[in-house]
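The structure under discussion appears below in the form of structure tokens.
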Amino acid sequence: MKPEIGGDAIGEDRLTARLHHLEIGTPQLDVMAAFYGRALGYQLSRDGEAIKAIADKRRLIFTPRPVKGLVSAGWALPDSDELRRLRARLSRAGLAHTDTADAAFTDGVRVADPDGNRLVFGLPRPETAPADAAGLPARLQHFVVASRQPDRMVRFFVEGLGFTVSDDVVDEAGEKRTSFMRCSAEHHSFAVFKADQDRLDHHCYETTDWNAIRDWCDHFAEQHIPIQWGPGRHGPGNNLFIFIHDPDGNWVEVSAELEIVDKDRIVGAWPHEERTLNGWGKAYLRS
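In this text, residue positions in the sequence shown follow the working numbering: the first is 746, and each later residue adds one.
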């Protein structure tokens, strides 16, 4: 199953970055941190009121909040030239931004997206991640949000930040329901879908192959964590997947073999139907 060819052009001034960490707000701080420790192999440590979770190629921060949700996302840039280009792009777009340095980045820029999510792009500090308890490969790779104004979110990420749209999901009326965007050769690093509220939907860890998906399923079974969706194969991105739920009800995805995209690839258009989200069977059309 392949997408139709869309008509959107891809610009030259594109961002290069990778997802470095997520900060997740939760009303049950200790429960959430403990779950991620056993489910994803994170090593946990206190940082004031927050809990830091670190493992090989993945980092989370859990912050106490009365309502669950995304607090911020951190993106690692490859070098100071990319940071300079991003600052210039934000200035040209007239977007408010602030220079910053914090525990994760030696130098960076902070900006808020149209839904109020805090985003930080910067040069990562050197860090040696501890061995994880799960002992399985899982690189923090992307996250997805629901939004009441997805078109505005896409314009912000593309025109303001320099992301590139890989694929859109389009309904019968021609309305875009989901957009998958990238800031590397991987099919998507971020996605947004239309919904009646603004919220975090899920975040995803990229593993190596089908056998690793099997091993993650066995690991979750040992921890008595049920697979909520999958194994399956997404249309956009062509990746294998499984999903679990964390204690707050957030979706957590483990993916493998995500599509690698040519720089000049034309934006694809997928129909808004179950087969787009899962070519193998049932799907959750959350948009």
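All C-beta atoms, glycine included, are put in the ideal place defined by N, C-alpha and C.
Cβ neighbour criterion (16 or more within 10 Å) applied to residue i
i, result
"I769", "buried"
"V890", "buried"
"Q973", "exposed"
"L831", "buried"
"R927", "buried"
"P981", "buried"
"V692", "Residue 692 falls outside the range modelled here, since the chain spans only 746 to 1032, and no answer is possible."
"E998", "buried"
"W955", "exposed"
"D860", "buried"
"A833", "exposed"
For residue i, the residue or residues it bridges with in DSSP
i, result
"K802", "K802 pairs with nothing; no bridge assigned."
"V854", "D844, F866"
"F988", "W974, E998"
"P809", "T771"
"E951", "R884, S1000"
Option nearest residue i by Cα separation, candidates the options
i, options, result
"K921", "R927, A930, F908, D896", "D896"
"P811", "L945, F780, L774", "L774"
"A795", "T761, V816, H932", "V816"
"V865", "V899, G1013, A878, L828", "L828"
"D847", "P859, D826, A821, S836", "A821"
"V856", "L906, S825, F850, T873", "L906"
"S892", "H932, D943, D912", "D943"
"L1030", "A779, L1003, D946", "D946"
"E1019", "R978, I989, R1010, I1011", "R978"
Element boundaries [beta strand (DSSP E), containing residue i]
i, result
"D912", "909 to 915"
"S924", "921 to 927"
"V889", "884 to 892"
"P1016", "1013 to 1016"
Bounding residues of the alpha helix (DSSP H) (the contiguous stretch that carries residue i)
i, result
"H964", "955 to 967"
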